[in-house]
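**Student:**
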Amino acid sequence: MRVLLVKPRPRLATVKGLQRFYRLEPLELGYLAAVVPPRHEVRVLDLRLVRSARRAFLTDLARYTPDLVAFTGYSHESSEVKELAALVRLHRPAARIVVGGHHATVMPDDYDLPCIDAIVRGEGCGPFAAILARIERGEELTGIDQVLVPGAGFDPEAAQGWPAFPDPATLPIPRRDLWDHRDYFGVWVTEQMPDWARLFPPVSMVRTSFGCKMKCSFCVVPHLYGGHHRPRPVESVVAEIAALPTQHVYFSDDENFIDEAFALELADGLARAGVHKRYFAWTRSTTVLRSPELFRRWREIGLDGAFLGFEFPSDEELREAGKGATVAANEQALDRLRGIGVAVHAAFMVRPEHTEAHFARLHAYIEGLPPVQCSFTVCTPSPGTADYVQIRASICTDRPFDLHDCMHPLTPTALPLREFCRLFARQVGDAGRKNPLRCEPHRVRPWDTVRAIGAEALYSRAFRRMYRDYPPELWR
Ligand code: B12
Ligand code: SF4
Numbered sequence: 001m002r003v004l005l006v007k008p009r010p011r012l013a014t015v016k017g018l019q020r021f022y023r024l025e026p027l028e029l030g031y032l033a034a035v036v037p038p039r040h041e042v043r044v045l046d047l048r049l050v051r052s053a054r055r056a057f058l059t060d061l062a063r064y065t066p067d068l069v070a071f072t073g074y075s076h077e078s079s080e081v082k083e084l085a086a087l088v089r090l091h092r093p094a095a096r097i098v099v100g101g102h103h104a105t106v107m108p109d110d111y112d113l114p115c116i117d118a119i120v121r122g123e124g125c126g127p128f129a130a131i132l133a134r135i136e137r138g139e140e141l142t143g144i145d146q147v148l149v150p151g152a153g154f155d156p157e158a159a160q161g162w163p164a165f166p167d168p169a170t171l172p173i174p175r176r177d178l179w180d181h182r183d184y185f186g187v188w189v190t191e192q193m194p195d196w197a198r199l200f201p202p203v204s205m206v207r208t209s210f211g212c213k214m215k216c217s218f219c220v221v222p223h224l225y226g227g228h229h230r231p232r233p234v235e236s237v238v239a240e241i242a243a244l245p246t247q248h249v250y251f252s253d254d255e256n257f258i259d260e261a262f263a264l265e266l267a268d269g270l271a272r273a274g275v276h277k278r279y280f281a282w283t284r285s286t287t288v289l290r291s292p293e294l295f296r297r298w299r300e301i302g303l304d305g306a307f308l309g310f311e312f313p314s315d316e317e318l319r320e321a322g323k324g325a326t327v328a329a330n331e332q333a334l335d336r337l338r339g340i341g342v343a344v345h346a347a348f349m350v351r352p353e354h355t356e357a358h359f360a361r362l363h364a365y366i367e368g369l370p371p372v373q374c375s376f377t378v379c380t381p382s383p384g385t386a387d388y389v390q391i392r393a394s395i396c397t398d399r400p401f402d403l404h405d406c407m408h409p410l411t412p413t414a415l416p417l418r419e420f421c422r423l424f425a426r427q428v429g430d431a432g433r434k435n436p437l438r439c440e441p442h443r444v445r446p447w448d449t450v451r452a453i454g455a456e457a458l459y460s461r462a463f464r465r466m467y468r469d470y471p472p473e474l475w476r
């Protein structure tokens, strides 16, 4: 069999803007490829890499003539996935079509369509291997764990609840030989950035664990993994990192250090194996404050940067969001990380109901912080959660999944939408000036400077024009 694994090209300018800073490996497809037996051929088609996604897709379909086409997709990519699946049905009617990924997990019924043969929820390796085996034997795809079959057999009951995650020790090492690692990069800002350091080095993505033990009310992760944090075996992660073709590693974990014992063991394992790489990881302020030694250890072995969810500039809002942290804790964590030489990427959220006064307060708060990279999202409940069901009646667009990038407000904004977008874009632009690269003198490669300025301009424009993604009657 010939198996084609496809990562769609996003449509939203906001996501395309983000991709100018981070275009990370299609790791999910590397995992799936790893369970395809060697007797079959497998190919990864990453449509983010091409200018004309449709043309590239149709060309690949005609040349590679796959027997099975499998798509991954976030919610904002779901319409694109459906259209590509319909093209497969039209041009290669005999090929089987499988969808998986985040949208399939949270909203499987949205993929209950005649152009799709199987919808996989949750971790895909086991179900995908089972699907391949069934197709090879010419059998039906019904009755496989975590797999829903569209059409008359679609089981709405099975689409409820959250799929169980397998033992992380059973997962394969992703196949990175199916893409060119030089196509993937991330903006790499460090404290005391060395002169002429590469700003956009090639980056690999590695998952060391699933889930998070915390239960922030706005976050889908506690739903996805049942409130558990499940690490992979340390030896397997060390071997994977040691074999990476890149020096820079972006961890795709939800919280890398929440299990202190595991994180320490991993740091020691990497050090013992003589692995010298640079790392970027996601964490929370309470973890940083609880485990200062752990972060010192990680700094020693190469931790350059950490993503820290500040979320809101007031304790009241943090309490309401169930974040379990305070403004003071966030600031202390920032100081502590900077103090040991770890650059912080502080993430903030705004809410659709925010007024000019909220934006002004957020602005003033960020102005008062020491040099720090900042990013912003709009707090939007995740499809598939009870919070989402609650807001569903007030969703202000008829295509909420297409706009679910955590940057487009889904419910009516208190400010006129165009004004909301203007203030949001201004906040993004102004916060750019807090970036350590801008605040402290560094010699940056000229081409990297041009690239960063261009990326920032496009990103900011995407936010300013975000209102155009809604019907005109909502703009004012
Ligand atoms: C790391 C990460 C990122 C990274 C890298 C993403 C990338 N690959 O380019 C960065 C920071 C760049 C990023 C960006 C964004 N992200 Co993000 N990200 C994550 C995070 C934390 C982990 C995703 C990951 O890569 N996991 C590792 C891989 C191996 O696991 P996986 O993707 O789950 O894949 C497994 C299964 O899903 C399944 N599977 C996947 N595809 C398929 C396909 C088939 C056929 C089958 C059978 C199975 C299958 O098997 C896979 C193998 O194990 C998740 C949260 C989470 N825990 O899921 C959010 C998350 C996926 N991101 C999200 C969003 C919204 C975004 C952004 C739009 C912007 C934003 N505001 O954060 C952008 C969009 C990027 C894009 N290109 O579209 C949302 C998606 C919500 C939704 N309903 O779609 C999530 C869930 C977080 C959230 N806020 O709710 N993200
Ligand atoms: S700490 Fe982060 S990953 Fe964990 S529940 Fe809160 S927001 Fe989600």
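When you number the sequence shown by the working numbering, it's gap-free, plus one each residue, and the end is 476.
Glycine residues also receive a C-beta, built at the ideal position from the N, C-alpha and C atoms.
With burial defined as no fewer than 16 other Cβ atoms inside 10 Å of the residue's Cβ, what is the status of residue 25: buried or exposed?
**Tutor:** Taking the first residue of the sequence shown as position 1, residue 25 is located at position 25. When all chains shown are included, residue 25 counts as buried.
**Student:** Over what stretch of residues does the alpha helix (DSSP H) that includes residue 64 continue unbroken?
**Tutor:** As a working note, residue 64 is residue 64 in the sequence shown. From DSSP, the alpha helix (DSSP H) with residue 64 extends over 53-64.
**Student:** Please classify residue 82 as buried or exposed, where buried requires at least 16 neighbouring CB atoms within 10 angstroms.
**Tutor:** Taking the sequence shown and counting its residues from 1, the one referred to as residue 82 is at position 82. Buried.
**Student:** Just to confirm before moving on: does the CB-CB distance between residue 217 and residue 257 stay below 8 Å?
**Tutor:** What you label residue 217 is simply residue 217 of the sequence shown in a count that begins at 1. What you label residue 257 is simply residue 257 of the sequence shown in a count that begins at 1. It is not a contact, given that the beta carbons lie outside the stated cut-off.
**Student:** Less than 7 Å between the CB of residue 214 and some heavy atom of ligand 2, yes or no?
**Tutor:** Sequence index remark: in the sequence shown, residue 214 carries index 214 (1-based). Residue 214 Cβ: within cutoff of ligand 2.
**Student:** Do the CB positions of residue 246 and residue 343 come within less than 8 Å of each other?
**Tutor:** As a position in the sequence shown, residue 246 is number 246, starting the count at 1. As a position in the sequence shown, residue 343 is number 343, starting the count at 1. No. Outside cutoff.
**Student:** Go ahead and label residue 117 buried or exposed: buried means 16 or more other beta carbons lie within 10 angstroms of its beta carbon, across all protein chains shown.
**Tutor:** On the sequence shown, position 117 is the one that residue 117 refers to. Residue 117 should be labelled buried.
**Student:** Please give me, in chain order, every unbroken run of the alpha helix (DSSP H) with length at least 4 that falls completely inside the stretch 286-339.
**Tutor:** Here the runs fully enclosed are 292-301, 315-320, 327-339.
**Student:** Under the criterion of a Cβ to heavy atom distance below 7 Å, does residue 379 qualify as lining ligand 1?
**Tutor:** Here residue 379 refers to the residue found at position 379 of the sequence shown. Incorrect: residue 379 has no Cβ contact closer than 7 Å to ligand 1.
**Student:** Closest to residue 418 by CA distance: which of 368, 400, 470 is it?
**Tutor:** Here residue 418 refers to the residue found at position 418 of the sequence shown. Taking only the C-alpha atoms, the option nearest residue 418 is 470.
**Student:** Suppose the cutoff is 6 Å on Cβ atoms and the five residues either side in sequence are ignored; what does the same chain contact list for residue 400 look like?
**Tutor:** For the purposes of this step, residue 400 is taken as residue 400 along the sequence shown, with counting starting at 1. 410, listed in sequence order.
**Student:** Helix, strand or coil for residue 79, going by three-state DSSP, please let me know.
**Tutor:** Taking the sequence shown and counting its residues from 1, the one referred to as residue 79 is at position 79. Note: residue 79 maps to helix in three-state DSSP.
**Student:** Exposed or buried, which one is residue 196 when buried takes at least 16 other CB atoms within 10 Å?
**Tutor:** In the sequence shown, residue 196 corresponds to position 196, counting from 1. The residue in question, residue 196, is exposed, as its Cβ has fewer than 16 Cβ neighbours within 10 Å.
**Student:** Consult DSSP for residue 164 and reduce its assignment to one of helix, strand or coil.
**Tutor:** Translated into positions along the sequence shown, residue 164 becomes position 164. It is coil, neither helix nor strand.
**Student:** Near residue 34, what residues of its chain come up, given a Cβ to Cβ distance below 8 Å and the 5 sequence neighbours on each side ignored?
**Tutor:** Mapped onto the sequence shown, residue 34 falls at position 34. So the list reads 125, 172, 173, 174, 175, once near-sequence residues are dropped.
**Student:** Assign residue 281 to buried or exposed, taking buried as 16 or more other Cβ atoms, counted over all protein chains shown, within 10 Å of its Cβ.
**Tutor:** As a first step, residue 281 is located in the sequence shown; it is residue number 281 there, counting from the start. Result: buried.
**Student:** From the DSSP secondary-structure annotation, give me the bridge partner or partners of residue 119.
**Tutor:** By 1-based counting over the sequence shown, the position of residue 119 is 119. DSSP, once it has assigned bridges, lists 99, 148 as partnering residue 119.
**Student:** For a test of the three-state rule: what should DSSP assign to residue 348, helix, strand or coil?
**Tutor:** For the purposes of this step, residue 348 is taken as residue 348 along the sequence shown, with counting starting at 1. Of the three classes helix, strand and coil, the one that applies to residue 348 here is strand, per DSSP.
**Student:** Identify, in the order they occur along the chain, each residue of the same chain with its Cβ nearer than 6 Å to the Cβ of residue 362, setting aside the five sequence neighbours on each side.
**Tutor:** For the purposes of this step, residue 362 is taken as the residue at position 362 of the sequence shown. Closer than 6 Å at Cβ, skipping near neighbours: 313.
**Student:** With a Cβ-Cβ cutoff of 8 Å, do residue 264 and residue 301 count as a contact?
**Tutor:** As a working mapping, residue 264 is identified with position 264 in the sequence shown. As a working mapping, residue 301 is identified with position 301 in the sequence shown. Cβ distance not < 8 Å, so residue 264 and residue 301 don't count as in contact.
**Student:** Between the Cα of residue 50 and the Cα atoms of 250, 8, 284, 242, which residue gives the shortest distance?
**Tutor:** One-based indexing of the sequence shown puts residue 50 at position 50. Checked all of 250, 8, 284, 242; the closest Cα to residue 50 is 8.
**Student:** If we require 4 or more residues per run, which alpha helix (DSSP H) segments fall completely within the stretch 173-253?
**Tutor:** Listed in chain order, the complete alpha helix (DSSP H) runs (minimum 4 residues) inside the stretch 173-253 are 221-224, 234-242.
**Student:** With distance defined between alpha-carbon atoms, name the residue in 180, 198, 433 nearest to residue 446.
**Tutor:** Taking the sequence shown and counting its residues from 1, one reaches residue 446 at position 446. Ranking the options by Cα distance to residue 446, first place goes to 198.
**Student:** My assumption, with CB atoms under 8 Å, is that residue 85 sits in contact with residue 99. Please give the rounded CB distance.
**Tutor:** Start at 1 with the first residue of the sequence shown, and residue 85 comes out as number 85. Start at 1 with the first residue of the sequence shown, and residue 99 comes out as number 99. Indeed, because the Cβ distance is near 7 Å, the residues count as touching under 8 Å.
**Student:** Is the distance from the Cβ of residue 206 to the Cβ of residue 242 below 8 Å?
**Tutor:** By 1-based counting over the sequence shown, the position of residue 206 is 206. By 1-based counting over the sequence shown, the position of residue 242 is 242. No, they are not a contact pair.
**Student:** In chain order, what residues of the same chain lie with their CB nearer than 6 Å to the CB of residue 238, ignoring the 5 residues before and after it?
**Tutor:** Translated into positions along the sequence shown, residue 238 becomes position 238. Result list for residue 238: 269, 270, 273, in chain order.
**Student:** Considering just the uninterrupted stretch of the alpha helix (DSSP H) at residue 448, what are its terminal residues?
**Tutor:** Position 448 of the sequence shown holds residue 448. Residue 448 -> alpha helix (DSSP H) spans 446-464.
**Student:** Can you tell me the Cα-Cα spacing of residue 378 and residue 262, whole angstroms?
**Tutor:** Within the sequence shown, numbered from 1, the residue matching residue 378 stands at position 378. Within the sequence shown, numbered from 1, the residue matching residue 262 stands at position 262. Going from the Cα of residue 378 to the Cα of residue 262 covers about 32 Å.
**Student:** Using the Cα positions of residue 539 and residue 57, report the straight-line distance between them to the nearest angstrom.
**Tutor:** In the structure as shown, the chain begins at 1 and stops at 476. Residue 539 is therefore absent and cannot be evaluated.
**Student:** Return the Cβ separation of residue 6 and residue 47 in integer angstroms, given the expectation that the two are a contact with Cβ distance under 8 Å.
**Tutor:** Here residue 6 corresponds to residue number 6 of the sequence shown, with the count starting at 1. Here residue 47 corresponds to residue number 47 of the sequence shown, with the count starting at 1. That pair is a contact at about 7 Å.
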